[in-house]
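K.L.:
Note that the working numbering numbers the sequence shown so that position 6 is 115, with each residue one more than the last.
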Amino acid sequence: MYAMNAAEYNEKVMKGHFKKIYPVIARQIIERTGITAGHCIDLGGGPGMLGISLARQSNLDVTIYDLLPECVALAVENSREHEVHKRVTARQGRAEEMPFEDNSIDLVASRGSIFFWEDQQQGVSEVYRILRAGGWAYIGGGFGTIELLLEVQSQRANEPKWERERKERFAKNPPGHFETILADLGIEGVVERGDAGMWIIFRKPTTPL
Ligand SMILES: C[S@@+](CC[C@H](N)C(=O)[O-])C[C@H]1O[C@@H](n2cnc3c(N)ncnc32)[C@H](O)[C@@H]1O
Numbered sequence: 110m111y112a113m114n115a116a117e118y119n120e121k122v123m124k125g126h127f128k129k130i131y132p133v134i135a136r137q138i139i140e141r142t143g144i145t146a147g148h149c150i151d152l153g154g155g156p157g158m159l160g161i162s163l164a165r166q167s168n169l170d171v172t173i174y175d176l177l178p179e180c181v182a183l184a185v186e187n188s189r190e191h192e193v194h195k196r197v198t199a200r201q202g203r204a205e206e207m208p209f210e211d212n213s214i215d216l217v218a219s220r221g222s223i224f225f226w227e228d229q230q231q232g233v234s235e236v237y238r239i240l241r242a243g244g245w246a247y248i249g250g251g252f253g254t255i256e257l258l259l260e261v262q263s264q265r266a267n268e269p270k271w272e273r274e275r276k277e278r279f280a281k282n283p284p285g286h287f288e289t290i291l292a293d294l295g296i297e298g299v300v301e302r303g304d305a306g307m308w309i310i311f312r313k314p315t316t317p318l
């Protein structure tokens, strides 16, 4: 999943050429969902920069949740570094089986992770289960804007494997694939594919389906 170990990814990628994308994506998520307070999960959050950016731009309490224990440790470290550790915690676990109560979460944000889940449908079903009525999910992958994508691409120009694998992941996971998952689960939502990424966006209805 990581072409390097998680600590190296944290230093070179998250704090390096990906640094600018997280605040931009966080802003887009907040603008789209209108969620600025409550409990947010950064699902498959890795070292946590999307969740940390969400916390910095809102009053949200954020749990960064990831499969890898080393990412959880880095997320805790990063949240201290960014001085949001009072509102940001980190937990280890799988998207397919989350330790959160039914109807308890205001926002699930997830970038660059769903493509790696063993059972994507089960993961999306779990997201729906833990969302409160009126809570939002914003799950997918992207770079915020086309300008930021081009900037990252130029910084990684010497890593053709990265660009090839990124394109392969998107080709293997077209919008129709996620639309089918939503339809199979009976979830009303949209899959938006733009130049800078692809996002599955849905809101749990305030009255039961
Ligand atoms: C490419 S990284 C993205 C990290 C971070 N969200 C970001 O945008 O920088 C994918 C992350 O998804 C996590 N992951 C993969 N499968 C998972 C699963 N089934 N449940 C939870 N996390 C998972 C990995 O451990 C990894 O940290």
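No residue lacks a Cβ here, since even glycine has one placed at the ideal position from N, Cα and C.
#1: Is any heavy atom in ligand 1 found nearer than 8 angstroms to the beta carbon of Phe225?
#2: Is it the case that the CB of Val122 approaches a heavy atom of ligand 1 more closely than 8 angstroms?
#3: Just to confirm, is the Cβ distance from Ala199 to Ala182 under 9 angstroms?
#4: Only counting runs of 4 or more residues, tell me where the alpha helix (DSSP H) segments fall wholly within the stretch 195-259, in order along the chain.
#5: Do you know how far the Cα of Val233 is from the Cα of Pro284?
#6: Should Ala146 be listed as close to ligand 1, given that the test is whether its C-beta is under 8 angstroms from any heavy atom?
#7: Would you kindly work out how many angstroms separate the C-alpha atoms of Gln231 and Ala242, rounded to a whole number?
#8: For Arg220, is the beta carbon positioned less than 8 angstroms from some heavy atom of ligand 1?
#9: Would the C-beta of Cys149 count as close to ligand 1, meaning under 8 angstroms from any of its heavy atoms?
#10: In the DSSP assignment, the beta strand (DSSP E) including Arg312 goes from what residue to what residue?
#11: Using a 10 Å radius around the Cβ and a threshold of 16 neighbouring Cβ atoms, would you call Arg141 buried or exposed?
#12: How is Arg302 classed by DSSP in three states: helix, strand or coil?
P.N.:
From the atom records:
#1: Residue 225 sits at position 116 when you count from the first residue of the sequence shown. Correct: Phe225 has its Cβ closer than 8 angstroms to ligand 1.
#2: Residue 122 sits at position 13 when you count from the first residue of the sequence shown. Yes - ligand 1 has a heavy atom lying nearer than 8 angstroms to the Cβ of Val122.
#3: Along the sequence shown, read from residue 1 onward, the residue named residue 199 stands at position 90. Along the sequence shown, read from residue 1 onward, the residue named residue 182 stands at position 73. It is a contact, given that the beta carbons lie within the stated cut-off.
#4: 229-239
#5: On the sequence shown, residue 284 is found 175 positions in, with the first residue counted as 1. On the sequence shown, residue 233 is found 124 positions in, with the first residue counted as 1. When rounded, the distance between both Cα atoms is 14 angstroms.
#6: Counting from 1 along the sequence shown, the entry for residue 146 is found at position 37. No, Cβ of Ala146 sits at least 8 angstroms from all heavy atoms of ligand 1.
#7: Within the sequence shown, numbered from 1, the residue matching residue 231 stands at position 122. Within the sequence shown, numbered from 1, the residue matching residue 242 stands at position 133. In a straight line, the C-alpha of Gln231 is about 19 angstroms away from that of Ala242.
#8: Mapped onto the sequence shown, residue 220 falls at position 111. Yes, Cβ of Arg220 sits closer than 8 angstroms to a heavy atom of ligand 1.
#9: Residue mapping note: residue 149 aligns to position 40 of the sequence shown, counting from 1. Every heavy atom of ligand 1 is 8 angstroms or more from the Cβ of Cys149, so no.
#10: In the sequence shown, residue 312 corresponds to position 203, counting from 1. Residues Gly306 to Arg312.
#11: Looking up residue 141 in the sequence shown gives position 32. Exposed.
#12: Here the question's residue 302 lines up with position 193 in the sequence shown. If DSSP states are grouped into helix, strand and coil, Arg302 belongs with the strands.
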